[in-house]
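Visitor: Respectively, the protein sequence lines represent chains Y and Z. So the first sequence is numbered by numbering that gives the first Met the number 0: it starts at 0 and just counts up by one. So the second sequence is numbered by numbering that gives the first Met the number 0: it starts at 0 and just counts up by one. Even glycine gets a Cβ: it sits at the ideal position worked out from N, Cα and C. Before we start, here is the structure in question, set down as structure tokens.
2 protein chains.
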Amino acid sequence: MDITKFVELSLGRWSSQRSAHHLAFRHFEQVTSTIDIVPLSVDHAEVINLCQSYQVDPQLTAHPFRMSWAGESDWDDTEKFEGTTILVPVPAPDNPQMGRLLRDQGYAETIPSIGHYHFTEDGFFVLLTEYERAMAEERIWFMNPNFRLRVSLIKTSQGSGVVTASFSSEIRSLSED
Amino acid sequence: MDITKFVELSLGRWSSQRSAHHLAFRHFEQVTSTIDIVPLSVDHAEVINLCQSYQVDPQLTAHPFRMSWAGESDWDDTEKFEGTTILVPVPAPDNPQMGRLLRDQGYAETIPSIGHYHFTEDGFFVLLTEYERAMAEERIWFMNPNFRLRVSLIKTSQGSGVVTASFSSEIRSLSED
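In structure tokens form, the structure reads like this:
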């Protein structure tokens, strides 16, 4: 697995079930959403802007994409949520199994972030991101081209305690309208 | 990571939050439980019995243990559940990173099972078990000695479709009374 294959597999529309475990309260949160992942060209204006904000040479990027989501959570029954973010992989020049991931908006905090990713021997994408007040660790893997799983952990910024552990099962949606 | 270290880390009492995604119905199930894992001696009568039923030489086993659980699910509000099972690792003679796991009762079906386990380079315990009408794939990993995660997939016996994907976050409980 490498970033090219990973992004190619990820493109499309996904129907997601996500469970979050808020560990301090033993609370369960249930989220259903639709996720769209579409490719962007490396010279897309927003990709160039994001590179510039991190002082990254746009020539070093590969397979930028936009991820959008819309769904609802049982945490707040009355409100649907939606969002969109741009993600720009920057593979390490000397190692195709790792690199950085620029993002114009994070999961844990709604600010830009830069994460470090690598692939494990069994094809897991692992992304580590440090925020000002938290750390995020995410693992994504494909059971088959139409089914992927994702485990996300939000830890304290010291990395000692896990605050939230969440799990997504994502099924490719054949209709993309 | 090997089976000795893995079983040692697993011993004790765990407070578990589990979310099951029943994919065909997009149904969420929430389970809270307490799990106790206690070591057994290799010459414990039930361990010997289990070995004999699989025609495994008891001399080949390592670190057998008993796992018990008690909890409740929102699938059926009125009923608490509990159970217990004996697990007997049989490390491969030529490779400490893999082996078989005998169990006197499975998760997916309440019959004895024999699974095959291995450890990945990043310390994940992976267990594959074939049942008569289903396959189970389980991954367990430790974030630290007091926090472990578990992803379990139940697949059709052909292995093509995932029926249920579940996720457990397990926190070591300091009181063992």
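#1: Would the beta-carbon of Y/S40 fall within 8 Å of that of Y/S15?
#2: Please specify which runs of the beta strand (DSSP E), each continuous and at least 3 residues long, are wholly inside the region 36-76 of chain Z, giving them in chain order.
#3: Taking 7 Å as the cut-off, is the beta-carbon of Y/V150 closer than that to any non-hydrogen atom of the ligand SAM?
#4: Can you find a CB in chain Y that lies within less than 8 Å of the CB of Z/I204?
#5: Can you name the start and end residues of the beta strand (DSSP E) that Y/T83 belongs to?
#6: Shortest alpha-carbon distance to Z/S9 belongs to which of Z/Q54, Z/P57, Z/S67, Z/S52?
#7: Please classify Z/E169 as buried or exposed, where buried requires at least 16 other C-beta atoms within 10 Å of its C-beta.
#8: So does the region 127-139 of chain Y actually touch the region 120-136 of chain Z, counting three or more Cβ pairs closer than 8 Å?
#9: For a contact defined as C-beta to C-beta under 7 Å, what are the partners of Z/Q16 on chain Y?
#10: Nearest-angstrom Cα distance between Z/V150 and Y/T163?
#11: Quick one: is Z/P92 buried, meaning 16 or more other Cβ sit within 10 Å of its Cβ, or exposed?
#12: Under 8 Å, Cβ to Cβ, is there at least one residue of chain Y near Z/D93?
#13: For Z/C50 and Z/T83, I'd like the C-alpha separation in whole angstroms.
#14: Check for me: the beta strand (DSSP E) holding Y/F146 runs from which residue to which?
#15: Under a three-way DSSP split, which group does Z/F5 fall into?
#16: Quick one, which residues of the region 106-139 of chain Y are near chain Z if we go by CB-CB under 7 Å, in chain order?
#17: Is Y/L10 helix, strand or coil by DSSP?
#18: Spell out whether any CB of chain Y is found under 8 Å from the CB atom of Z/M97.
#19: Name the residue from Z/V30, Z/H26, Z/Q58, Z/S112 whose alpha carbon lies nearest to the alpha carbon of Z/F80.
#20: Please confirm whether Y/R17 and Y/V37 have their CB atoms less than 8 Å apart.
#21: Listing by chain order, which chain Y residues have their CB less than 7 Å from the CB of Z/A216?
#22: Quick test of your reading: Y/I2 and Y/A61, contact by CB under 8 Å. State the CB separation rounded to the nearest angstrom.
#23: Under a three-way DSSP split, which group does Y/L22 fall into?
Guide: In short:
#1: Start at 1 with the first residue of the first sequence, and residue 40 of chain Y comes out as number 41. Start at 1 with the first residue of the first sequence, and residue 15 of chain Y comes out as number 16. In this structure, Y/S15 does not lie closer than 8 Å to Y/S40 by Cβ.
#2: 64-72
#3: As for the ligand SAM, it is missing from this structure, which has no ligand bound.
#4: Residue 204 of chain Z is absent from the model: chain Z starts at 0 and stops at 176.
#5: Taking the first sequence and counting its residues from 1, one reaches residue 83 of chain Y at position 84. Y/T83 -> beta strand (DSSP E) spans 79-91.
#6: Indexing the second sequence from 1 puts residue 9 of chain Z at position 10. Among Z/Q54, Z/P57, Z/S67, Z/S52, the Cα nearest to that of Z/S9 belongs to Z/S67.
#7: In the second sequence, counting from the first residue as 1, residue 169 of chain Z sits at position 170. Under this definition Z/E169 is a buried residue.
#8: no
#9: Taking the second sequence and counting its residues from 1, one reaches residue 16 of chain Z at position 17. Neighbours of Z/Q16 on chain Y, chain order: H20, R25, F27.
#10: For the purposes of this step, residue 150 of chain Z is taken as residue 151 along the second sequence, with counting starting at 1. For the purposes of this step, residue 163 of chain Y is taken as residue 164 along the first sequence, with counting starting at 1. Going from the Cα of Z/V150 to the Cα of Y/T163 covers about 16 Å.
#11: Here the question's residue 92 of chain Z lines up with position 93 in the second sequence. Per the 10 Å Cβ criterion, exposed.
#12: Counting from one through the second sequence, the residue named residue 93 of chain Z turns up at place 94. For Z/D93, the answer is no, since every Cβ of chain Y falls outside 8 Å of its Cβ.
#13: Along the second sequence, one-based indexing puts residue 50 of chain Z at 51. Along the second sequence, one-based indexing puts residue 83 of chain Z at 84. C-alpha of Z/C50 to C-alpha of Z/T83: approximately 18 Å in a straight line.
#14: Taking the first sequence and counting its residues from 1, one reaches residue 146 of chain Y at position 147. Y/F146 -> beta strand (DSSP E) spans 146-155.
#15: As a first step, residue 5 of chain Z must be located in the second sequence, where it is residue number 6. Reduced to three states, the DSSP call for Z/F5 is helix.
#16: T119, E120, D121
#17: Sequence index remark: in the first sequence, residue 10 of chain Y carries index 11 (1-based). Three-state result, Y/L10: coil.
#18: Here residue 97 of chain Z corresponds to residue number 98 of the second sequence, with the count starting at 1. No, Z/M97 lies away from the interface with chain Y (no Cβ there is under 8 Å from its Cβ).
#19: Translated into the one-based positions of the second sequence, residue 80 of chain Z becomes position 81. For the residues Z/V30, Z/H26, Z/Q58, Z/S112, the minimum Cα distance to Z/F80 belongs to Z/V30.
#20: The sequence position of residue 17 of chain Y within the first sequence is 18, counting from 1. The sequence position of residue 37 of chain Y within the first sequence is 38, counting from 1. Not a contact, by the Cβ cut-off of 8 Å.
#21: Look at the range of chain Z in this structure, 0 to 176, and you will see that residue 216 of chain Z is not part of it.
#22: Taking the first residue of the first sequence as position 1, residue 2 of chain Y is located at position 3. Taking the first residue of the first sequence as position 1, residue 61 of chain Y is located at position 62. Their Cβ separation, rounded to whole angstroms, is 6 Å, which keeps Y/I2 and Y/A61 in contact under 8 Å.
#23: On the first sequence, position 23 is the one that residue 22 of chain Y refers to. Reduced to three states, the DSSP call for Y/L22 is helix.
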